[in-house]
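Input: a single structure, listed below in structure tokens.
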Amino acid sequence: VIRIINLRLEGWISIEEMKRQCIITEYFPVISMQPLRKLCKTWANPWNAFSAMCGHETMFDVRNYFGEEIAFFFVWLEFIIWKLSLLFLPAFAFSIARYVCVSYGQDRRLLRIMQKVFTCVVLCWAASLARLWEHHMARVRQAWGMQNYEARDVERDGYDPFLEG
27 VIRIINLRLE GWISIEEMKR QCIITEYFPV ISMQPLRKLC KTWANPWNAF
77 SAMCGHETMF DVRNYFGEEI AFFFVWLEFI IWKLSLLFLP AFAFSIARYV
127 CVSYGQDRRL LRIMQKVFTC VVLCWAASLA RLWEHHMARV RQAWGMQNYE
177 ARDVERDGYD PFLEG
């Protein structure tokens, strides 16, 4: 089917020539419009961003359309956004408390104590983040039937270890 489409397109435009002139870098055929419309309506719609992140079925749709490796990136992105939003609450409370302490000339010792407490909160959050991600990734792998999947590092052709600082 893709070859037939390419033959039809060659009568109007040359995709290889467009790639050679750097007008386009790559092109990919759309699987079908129905899944694409569904993704555009739910997952790729900025107005539904937070409600779409709540549902696991949306990630199933992303996985079915893009594949597991790309979908895992979006699973990670969703995970980190939610965990950062949890850190927002203590950060906001600390900011308000700090503003009150500085504005009303409270004792600086109280401010230093609050900074140490907030530092401990951030350290605990960061330490738990890696462990929570491992558990979340294991659940997603199990749900997607990928228990034996091994992530692999790909070294880019242009990588030069000498340039690493």
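Read left to right, the sequence shown gives residues 27 to 191 (the numbering used here). Yeah, the Cβ is synthetic: ideal placement off N, Cα and C, and Gly gets one too. In this text, all values refer to a predicted model and were calculated from it rather than measured experimentally.
Hey, residue i and residue j are a contact pair by Cβ (cut 8 angstroms); roughly how many whole angstroms apart?
i, j, result
"L112", "R124", "So it is not a contact: roughly 20 angstroms between Cβ atoms."
"W69", "T84", "5 angstroms"
"L149", "K109", "Not really, about 14 angstroms apart at Cβ, beyond 8 angstroms."
"I39", "Y53", "So it is not a contact: roughly 11 angstroms between Cβ atoms."
"M140", "F118", "Contact flag wrong, Cβ pair sits at about 13 angstroms."
"W151", "F105", "Actually they are not in contact, since the Cβ atoms of W151 and F105 sit about 13 angstroms apart, beyond 8 angstroms."
Would DSSP call residue i helix, strand or coil?
i, result
"Y185", "coil"
"N90", "helix"
"E190", "coil"
"A70", "coil"
Does any heavy atom of the ligand FAD sit closer than 7 angstroms to the C-beta of residue i?
i, result
"I41", "Although the ligand FAD was asked about, the structure shown includes no ligands whatsoever."
Going by CA-CA distance only, name the one from the options that's closest to residue i.
i, options, result
"L62", "A152, F105, R89", "R89"
"E94", "F188, R182, F144, W170", "W170"
"Q60", "I39, S154, D87", "D87"
"L115", "Y91, Y130, F144, I41", "F144"
"F100", "Y53, M163, F54, R182", "M163"
"Q168", "A153, W151, F98, K142", "F98"
Does the beta carbon of residue i sit closer than 8 angstroms to a beta carbon anywhere in chain D?
i, result
"L35", "Included in the structure is just one protein chain, with no chain D present."
**Request:** Jot down the residue ranges of each uninterrupted alpha helix (DSSP H) in the segment 29–64, minimum 4 residues, whole runs only, in chain order.
**Result:** 41–46
**Item:** alpha helix (DSSP H) runs wholly inside the segment 102–180, at least 4 long, in chain order
**Value:** 134–169
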